[in-house]
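Written out below as structure tokens is the structure these notes cover.
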Amino acid sequence: MESILEKSLVENLIPQKAPFVMVDKLFSFGENTITAGLTVAADNIFVENNRFNESGIVEHMAQSVALYTGYQYYLKNEPAPTGYIGSIKNVEVLELPLPGEELVTEVNVLQEFMGVTLVDIVTKRNNIQIASSQMKTVLAK
């Protein structure tokens, strides 16, 4: 698959809409993995005190998972389903990015069963890990 670097195309793959979109690139997609990106805009709703806050990082991680699911549906010519975070474990945020910095997030799917997806997520900035978590997402019925 070719990377999708155009924000408007990425936005079509997830149910979230502006100003609540926290992914703007799809770098790679595989059977159990996706690498997504976000360039933090200065006017992002999660930027406070000139830093992209923890809530923004967690939402970026969740939307990276949504992008994984949305791209699967796109490949089947079906609309992206709405989902929500079922649980978050082991969240570690080591650093808060500045506006203008690019986040690259790798999602590894551990399990997928009946609309529930369990994933490990690592977010990097300049190839250095700044956050990680394990998340369970659930598709809305």
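Numbering (the working numbering), first residue to last: 4 to 144.
For every residue, glycine included, the Cβ atom is placed at its ideal position computed from N, Cα and C.
Can you tell me which of the three DSSP states Gly33 falls into? strand
Who are the Cβ neighbours of Ile17 in its own chain at under 8 Å, not counting the five residues just before and after it? Val24, Val26, Gln66, Ala69, Leu70, Gly73, Ala83
CB Ser135 to CB Glu95, shorter than 7 Å? yes
Residues that DSSP places opposite Tyr74 in a beta bridge: Answer is none; Tyr74 lacks a bridge partner.
When DSSP labels each residue in this structure, what does Gly1 get in the three-state scheme? Because the chain in this structure spans residues 4 to 144, residue 1 falls outside the shown range and cannot be described.
Checking 7 Å against the spacing of the C-beta atoms, do Glu109 and Val125 come in under that value? yes
With DSSP as the reference, identify every bridge partner of Lys139, one or two as the case may be. Ser90, Leu121
Got a sec? Which residues, its chain only, sit under 8 Å from Tyr87 by beta carbon, not counting five neighbours each side? Within the same chain, Tyr87 has close Cβ partners Thr140, Val141, Ala143.
Can you list, in chain order, the residues of its chain with a C-beta nearer than 8 Å to that of Asn56? Leave out the 5 residues immediately preceding and following it. Same-chain partners within the cutoff: Phe49, Val50, Leu99.
If you reduce the DSSP assignment to three classes, tell me which class Val68 lands in. helix
What residue range is occupied by the uninterrupted beta strand (DSSP E) comprising Val26? Where Val26 is concerned, there is no enclosing beta strand (DSSP E), given that its DSSP letter is neither H nor E.
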